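There are 2 protein chains.
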Amino acid sequence: MGGDHAPEEIVKGALEARELLDAGDQLQLIGVQEIVEQQLSTLGARDGAVTIVPAEEIIGMDDPPVESLRRKRKSSIAIMARMAAHEETDAVISAGNTGACVAACQLRMRNLPNVNRPGIAVVLPTLGGPVTVCDVGANVSCKPINLYQYAVMSSVYSTRILGIENPRIAIMSIGEEESKGNDLVKRTRELLRSDPSLNFIGNLEGRDIFDGSCDVVICEGFVGNVILKLTEGLVEMLFQAIKHELVTGDLRLAMEFKPIMKEIYKKYDYHEYGGALLLGIDGTSVICHGSSKSRTIKNAILAAKKFYTLKINERIMQRLSSSLVKANGQ
Amino acid sequence: MGGDHAPEEIVKGALEARELLDAGDQLQLIGVQEIVEQQLSTLGARDGAVTIVPAEEIIGMDDPPVESLRRKRKSSIAIMARMAAHEETDAVISAGNTGACVAACQLRMRNLPNVNRPGIAVVLPTLGGPVTVCDVGANVSCKPINLYQYAVMSSVYSTRILGIENPRIAIMSIGEEESKGNDLVKRTRELLRSDPSLNFIGNLEGRDIFDGSCDVVICEGFVGNVILKLTEGLVEMLFQAIKHELVTGDLRLAMEFKPIMKEIYKKYDYHEYGGALLLGIDGTSVICHGSSKSRTIKNAILAAKKFYTLKINERIMQRLSSSLVKANGQ
Numbered sequence: 001m002g003g004d005h006a007p008e009e010i011v012k013g014a015l016e017a018r019e020l021l022d023a024g025d026q027l028q029l030i031g032v033q034e035i036v037e038q039q040l041s042t043l044g045a046r047d048g049a050v051t052i053v054p055a056e057e058i059i060g061m062d063d064p065p066v067e068s069l070r071r072k073r074k075s076s077i078a079i080m081a082r083m084a085a086h087e088e089t090d091a092v093i094s095a096g097n098t099g100a101c102v103a104a105c106q107l108r109m110r111n112l113p114n115v116n117r118p119g120i121a122v123v124l125p126t127l128g129g130p131v132t133v134c135d136v137g138a139n140v141s142c143k144p145i146n147l148y149q150y151a152v153m154s155s156v157y158s159t160r161i162l163g164i165e166n167p168r169i170a171i172m173s174i175g176e177e178e179s180k181g182n183d184l185v186k187r188t189r190e191l192l193r194s195d196p197s198l199n200f201i202g203n204l205e206g207r208d209i210f211d212g213s214c215d216v217v218i219c220e221g222f223v224g225n226v227i228l229k230l231t232e233g234l235v236e237m238l239f240q241a242i243k244h245e246l247v248t249g250d251l252r253l254a255m256e257f258k259p260i261m262k263e264i265y266k267k268y269d270y271h272e273y274g275g276a277l278l279l280g281i282d283g284t285s286v287i288c289h290g291s292s293k294s295r296t297i298k299n300a301i302l303a304a305k306k307f308y309t310l311k312i313n314e315r316i317m318q319r320l321s322s323s324l325v326k327a328n329g330q
Numbered sequence: 001m002g003g004d005h006a007p008e009e010i011v012k013g014a015l016e017a018r019e020l021l022d023a024g025d026q027l028q029l030i031g032v033q034e035i036v037e038q039q040l041s042t043l044g045a046r047d048g049a050v051t052i053v054p055a056e057e058i059i060g061m062d063d064p065p066v067e068s069l070r071r072k073r074k075s076s077i078a079i080m081a082r083m084a085a086h087e088e089t090d091a092v093i094s095a096g097n098t099g100a101c102v103a104a105c106q107l108r109m110r111n112l113p114n115v116n117r118p119g120i121a122v123v124l125p126t127l128g129g130p131v132t133v134c135d136v137g138a139n140v141s142c143k144p145i146n147l148y149q150y151a152v153m154s155s156v157y158s159t160r161i162l163g164i165e166n167p168r169i170a171i172m173s174i175g176e177e178e179s180k181g182n183d184l185v186k187r188t189r190e191l192l193r194s195d196p197s198l199n200f201i202g203n204l205e206g207r208d209i210f211d212g213s214c215d216v217v218i219c220e221g222f223v224g225n226v227i228l229k230l231t232e233g234l235v236e237m238l239f240q241a242i243k244h245e246l247v248t249g250d251l252r253l254a255m256e257f258k259p260i261m262k263e264i265y266k267k268y269d270y271h272e273y274g275g276a277l278l279l280g281i282d283g284t285s286v287i288c289h290g291s292s293k294s295r296t297i298k299n300a301i302l303a304a305k306k307f308y309t310l311k312i313n314e315r316i317m318q319r320l321s322s323s324l325v326k327a328n329g330q
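Order-wise, the sequence lines are chains A and B.
All residue numbers for the first sequence refer to my numbering, where the first residue is 1 and numbers rise by one.
All residue numbers for the second sequence refer to my numbering, where the first residue is 1 and numbers rise by one.
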């Protein structure tokens, strides 16, 4: 039921993923039964392609997350998190109210051992390859230990999911020099330095995210969310500016340039990675952008399967249990 | 002596500005005498166009700001701030080590009455018009009262310098809803709300900076610096991506597209505004990007003159002295 294009694009994405999943994989759609059934039939889904888990309530995109969860216990998001907590499903995916999704997963599913706070990781495509940024909004009052754990978890993610050996980890700061940054950055840097298993390369400035100088960027949720949203908004504005300039100028050139714009959009479109991973909870939870279309939903389902199948959480647990930096190490 | 292209571009920019200033305006270049003289002569400056204030030392772009200032009391940056403090000059401009510039101005020049901490304001050009962002790096441990004062000062700046009547002020947050944000954002919002003379419109998400929904964005220095640098880096990457796509594809199209890229670059180039203003100090201080070329320096000099002539600081003092929100109001 969640997202700006629900239910159509969500159901469509699920059916697209269905074609690429194994026969043994089961796909469950949680939502208002009649609406989902209607949509499945409109899209000509074959019988038994997916099963429907009925939900009577819907949490709106702008509803206050925690309050809505409490009030709407029969919403699709609340049911989703309960199913994951009770191991009635191996992975959950939503394009609904992000705050409510994160809160539901945090409330219902336990954290992994040695994880204090989960973090949301997104992959940004750049000229220098995919960069994993964590946290982009789960935790707006981070402590050094949280950022340290984000570094470990994102490093595992980057290696296992993106295939990057020994990923270069940087901490977002406001200058490259040692002396730069706020108190949180300085204290986190010490923790990151103290773990020789991390390939920590130091401070990163905002301008360097996209130039291929690192594979993982660690930051507190407020800063990460600004980075994510700003990137979206700026790309949008620049493409609009180009379009405006082309259309008011030379219409033929505009037509010729269109496929190139599309090509670039495709290459640097983070929808390609199918949403954000909630790292640190005992389960697999993929959070999609509210604007997700079927392609993103399809990719999110495949990403969730990959995350589950590759046992990312087991690797994270191994790394954190063998680390000398513990929760009281802040 | 400061900036990646000093002394050539700095001296060139000064001479370009000279042509646009009034006869009564005096332009002083602080730097190593022989180097500046040499540059003036290479550029064929007429006698008396500018005067040279000799400085024996140079603070490098990557030198630790505060330490360098202490060690290099005869550096151009240290002398610049002393001259401003002693009212031997009405406005100062530098493209040198930003940290050192800010620190020098903060140490030597007093704050305006009722200002607790100065903030750096930059103007970002957007499709919806120029947006003033403050603070972008002077203050990484902001309190609500600091952000409140940035809002008042930026509002005056936006009105007087950019001609925007009753500028819409937003606070950078991670969601538009009231409940969103960190503790600093929530507490600042109360202060901003309590001042009816401010046109405060609430939270702003990263994606909305560029869509014309506000005129002034308030944030703490760490976040603002990330916004500024990220914007630089992302614009750079996107243009490179477009170039790459064009060059590997159709070379004729690449050639045709070049002037359009240039046009966009010009329109959305924040060098146009000539640097950042240090708001809240008793004087006029413009801080330019290290990469500044002569055009930026020229614009910075003209911006400094405008700031001084329009008595922005007097307006700021009036507004803050009549405000009911005082420094103990945090």
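Virtual Cβ for every residue (Gly too), placed ideally from N, Cα, C.
All figures in this text were calculated on a predicted structure; none of them were measured in a lab.
Review point. So, helix, strand or coil for Leu324 (chain A), using DSSP?
Key: For the purposes of this step, residue 324 (chain A) is identified with residue 324 of the first sequence, where counting begins at 1. Leu324 (chain A): coil per DSSP, three-state reduction.
**Study point:** Where the alpha helix (DSSP H) containing Val259 (chain B) begins and where it ends
**Key:** If you number the second sequence from 1, residue 259 (chain B) lands on position 259. Checking the sequence, you will find Pro at residue 259 (chain B) rather than Val. Bounds of the alpha helix (DSSP H) holding Pro259 (chain B) are Leu251 to Lys267.
Practice item. Using a Cβ-Cβ cut-off of less than 9 Å, list which residues of the region 226 to 247 of chain A approach chain B; keep chain order. Key: When C-beta distances to chain B are compared with 9 Å, the residues of the region 226 to 247 of chain A below that value are Val226, Ile227, Leu228, Lys229, Leu230, Thr231, Glu232, Gly233, Leu234, Val235, Glu236, Met237, Leu238, Phe239, Gln240, Ala241, Ile242, His244, Glu245 and Leu246, in chain order.
**Study point:** Close beta carbons around Ile30 (chain A), own chain, < 6 Å, minus the five adjacent residues each side
**Key:** Residue 30 (chain A) sits at position 30 when you count from the first residue of the first sequence. Closer than 6 Å at the Cβ level, and outside the excluded window around Ile30 (chain A), lie Val53, Ala55, Ser76, Ile79 and Met80.
Exercise for review: Consider the Cβ of Leu253 (chain B): report whether some Cβ of chain A lies at a distance smaller than 8 Å.
Suggested key: Counting from 1 along the second sequence, the entry for residue 253 (chain B) is found at position 253. Interface residue, yes.
Point to revise | Contacting residues, own chain, Cβ-Cβ under 8 Å from Gly212 (chain A) (five flanking each side not counted) | key: Counting from one through the first sequence, the residue named residue 212 (chain A) turns up at place 212. So the qualifying residues of the chain are Thr126, Leu127, Gly128 and Gly129.
Review point. Leaving out five residues before and five after Met1 (chain A) in sequence, what residues of the same chain have Cβ atoms less than 6 Å from its Cβ?
Key: Here residue 1 (chain A) corresponds to residue number 1 of the first sequence, with the count starting at 1. Gly31, Ile58 and Ser76.
Review point. What number of angstroms, rounded off, separates the C-alpha of Ile161 (chain B) from the C-alpha of Arg315 (chain B)?
Key: For the purposes of this step, residue 161 (chain B) is identified with residue 161 of the second sequence, where counting begins at 1. For the purposes of this step, residue 315 (chain B) is identified with residue 315 of the second sequence, where counting begins at 1. For Ile161 (chain B) and Arg315 (chain B), the distance between alpha carbons rounds to 12 Å.
**Study point:** Rounded straight-line distance, which links the Cα of Ile312 (chain A) to that of Glu165 (chain A)
**Key:** What you label residue 165 (chain A) is simply residue 165 of the first sequence in a count that begins at 1. What you label residue 312 (chain A) is simply residue 312 of the first sequence in a count that begins at 1. The C-alpha of Ile312 (chain A) is placed about 15 Å away from the C-alpha of Glu165 (chain A).
Exercise for review: Measure the Cβ-Cβ separation of Val123 (chain A) and Tyr273 (chain A) and say whether it is below 8 Å.
Suggested key: Against the first sequence, residue 123 (chain A) aligns to sequence position 123. Against the first sequence, residue 273 (chain A) aligns to sequence position 273. Going by C-beta atoms, Val123 (chain A) is nearer than 8 Å to Tyr273 (chain A).
Practice item. Measure the beta-carbon distance from Gly290 (chain A) to Gly3 (chain A) and round it to whole angstroms, keeping in mind my assumption that it falls under 8 Å. Key: Counting from one through the first sequence, the residue named residue 290 (chain A) turns up at place 290. Counting from one through the first sequence, the residue named residue 3 (chain A) turns up at place 3. Contact flag correct, Cβ pair sits at about 5 Å.
Check your understanding: What is the DSSP secondary structure of Leu29 (chain A), counted as helix, strand or coil?
Key -> Walking along the first sequence from the start, residue 29 (chain A) turns up at place 29. Residue state, collapsed to three classes: strand.
Practice item. Drop a sphere of 10 angstroms on the beta-carbon of Arg71 (chain B), count the other beta-carbons inside from all chains shown, and report buried for 16 or more, exposed for fewer. Key: Within the second sequence, the letter at position 71 stands for residue 71 (chain B). Burial call: exposed.
Check your understanding: Relative to the C-alpha of Ser158 (chain B), which residue among B:Asn199, B:Ile287 and B:Pro118 is closest?
Key -> Taking the second sequence and counting its residues from 1, one reaches residue 158 (chain B) at position 158. Comparing C-alpha distances from Ser158 (chain B) to each of B:Asn199, B:Ile287 and B:Pro118 shows the shortest one belongs to B:Asn199.
Exercise for review: Return helix, strand or coil for Leu20 (chain A), following the three-state DSSP convention.
Suggested key: Residue numbering aside, residue 20 (chain A) sits at position 20 when the first sequence is read from its first letter. Three-state DSSP puts Leu20 (chain A) in a helix.
Check your understanding: For the alpha helix (DSSP H) that contains Pro54 (chain B), what are its first and last residues?
Key -> Translated into the one-based positions of the second sequence, residue 54 (chain B) becomes position 54. In the DSSP annotation of this structure, Pro54 (chain B) is not part of any alpha helix (DSSP H); the continuous beta strand (DSSP E) holding it starts and ends at Thr51 to Pro54.
Check your understanding: Of all the CB atoms in chain B, is at least one closer than 8 Å to the CB of Thr126 (chain A)?
Key -> On the first sequence, residue 126 (chain A) is found 126 positions in, with the first residue counted as 1. It does: the Cβ of Thr126 (chain A) has a partner Cβ on chain B nearer than 8 Å.
Check your understanding: Which residues in chain A sit within 8 Å of Pro64 (chain B), going by Cβ to Cβ distance?
Key -> The count along the second sequence starts at 1 and reaches residue 64 (chain B) at position 64. Near Pro64 (chain B) (Cβ distances below 8 Å), the residues of chain A are Glu177 and Ser179.
Practice item. On a CA-only basis, which of A:Met261, A:Glu8, A:Pro144 and A:Asp62 is nearest Val36 (chain A)? Give me that one, please. Key: Position 36 of the first sequence, counting from 1, holds the residue named residue 36 (chain A). Ranking the options by Cα distance to Val36 (chain A), first place goes to A:Glu8.
**Study point:** Same chain, Cβ closer than 7 Å to Pro167 (chain B), neighbours up to 5 away in sequence not counted
**Key:** In the second sequence, residue 167 (chain B) corresponds to position 167, counting from 1. Ser155, Ser158, Thr159, Asn199, Asp215 and Val216, listed in sequence order.
Review point. Taking the beta strand (DSSP E) that Ala276 (chain A) falls in, what are its first and last residues?
Key: Counting from 1 along the first sequence, the entry for residue 276 (chain A) is found at position 276. For Ala276 (chain A), the enclosing beta strand (DSSP E) starts and ends at Ala276 to Leu279.
Review point. Taking C-alpha atoms, which residue in A:Thr284, A:Gln318, A:Leu324 and A:Ile209 lies nearest to Arg110 (chain A)?
Key: By one-based count along the first sequence, residue 110 (chain A) stands at place 110. Residue A:Thr284 is the option with its Cα nearest to Arg110 (chain A).
Review point. Taking the alpha-carbon positions, what's the Ile169 (chain A) to Ala151 (chain A) distance?
Key: In the first sequence, the residue the question calls residue 169 (chain A) occupies position 169. In the first sequence, the residue the question calls residue 151 (chain A) occupies position 151. Looking at the two C-alpha atoms, the distance is approximately 7 Å.
Check your understanding: Between the C-alpha atoms of Lys326 (chain B) and Asp195 (chain B), what's the straight-line distance to the nearest angstrom?
Key -> Locating residue 326 (chain B) in the second sequence gives position 326, where the first residue counts as 1. Locating residue 195 (chain B) in the second sequence gives position 195, where the first residue counts as 1. For Lys326 (chain B) and Asp195 (chain B), the distance between alpha carbons rounds to 11 Å.
Exercise for review: For chain B, find out if any of its Cβ atoms is closer than 8 Å to the Cβ of Asn116 (chain A); answer yes or no.
Suggested key: Looking up residue 116 (chain A) in the first sequence gives position 116. Taking Cβ atoms only, chain B never reaches closer than 8 Å to Asn116 (chain A), which makes this a no.
Review point. Within 8 Å (strictly less), CB to CB, does Met1 (chain B) reach chain A?
Key: To locate residue 1 (chain B), count along the second sequence from 1; it is residue 1. So no, Met1 (chain B) is outside the interface.
Review point. According to DSSP, is Ile209 (chain A) helix, strand or coil?
Key: On the first sequence, residue 209 (chain A) is found 209 positions in, with the first residue counted as 1. Coil.
Check your understanding: Assuming Pro144 (chain B) and Leu112 (chain B) make a contact with CB atoms under 8 Å, what is their CB distance in whole Å?
Key -> The count along the second sequence starts at 1 and reaches residue 144 (chain B) at position 144. The count along the second sequence starts at 1 and reaches residue 112 (chain B) at position 112. In this structure Pro144 (chain B) is not in contact with Leu112 (chain B), their Cβ atoms being roughly 19 Å apart against a cut-off of 8 Å.
Check your understanding: Going along chain B, which residues have a C-beta under 9 Å from Asp183 (chain A)?
Key -> Along the first sequence, read from residue 1 onward, the residue named residue 183 (chain A) stands at position 183. The contacting residues are Val140 and Ser141.
Check your understanding: Using 8 Å as the limit for Cβ to Cβ distance, is Gly202 (chain B) near chain A?
Key -> In the second sequence, residue 202 (chain B) corresponds to position 202, counting from 1. No, its Cβ sits nowhere closer than 8 Å to a Cβ of chain A.
Check your understanding: In its own chain, which residues sit with a C-beta less than 6 Å from the C-beta of Met61 (chain B), not counting the 5 before and 5 after it?
Key -> In the second sequence, the residue the question calls residue 61 (chain B) occupies position 61. These residues qualify, in order along the chain: Asn97 and Gly290.
Point to revise | DSSP beta-bridge partners of Phe200 (chain A) | key: On the first sequence, residue 200 (chain A) is found 200 positions in, with the first residue counted as 1. DSSP, once it has assigned bridges, lists A:Ile169 as partnering Phe200 (chain A).
Check your understanding: Across which residues does DSSP place Asn111 (chain B) in a beta bridge pair?
Key -> As a first step, residue 111 (chain B) is located in the second sequence; it is residue number 111 there, counting from the start. Looking at the DSSP assignment, Asn111 (chain B) forms a beta bridge with B:Ile281.
Check your understanding: In chain B, which residues lie with their C-beta within 8 Å of the C-beta of Asp4 (chain A)?
Key -> Translated into the one-based positions of the first sequence, residue 4 (chain A) becomes position 4. Per Cβ cutoff of 8 Å: no residues; Asp4 (chain A) is ~14 Å from chain B at best.
Check your understanding: So, using beta-carbon positions, are Glu268 (chain B) and Ala241 (chain A) closer together than 8 Å?
Key -> In the second sequence, residue 268 (chain B) corresponds to position 268, counting from 1. In the first sequence, residue 241 (chain A) corresponds to position 241, counting from 1. In the sequence on display, residue 268 (chain B) carries Tyr and not Glu. Going by C-beta atoms, Tyr268 (chain B) is nearer than 8 Å to Ala241 (chain A).
**Study point:** Separation of Ala85 (chain A) from Arg108 (chain B), as counted between CA atoms
**Key:** Your numbering for residue 108 (chain B) matches position 108 in the second sequence. Your numbering for residue 85 (chain A) matches position 85 in the first sequence. In this structure, the CA atom of Arg108 (chain B) is about 60 Å from the CA atom of Ala85 (chain A).
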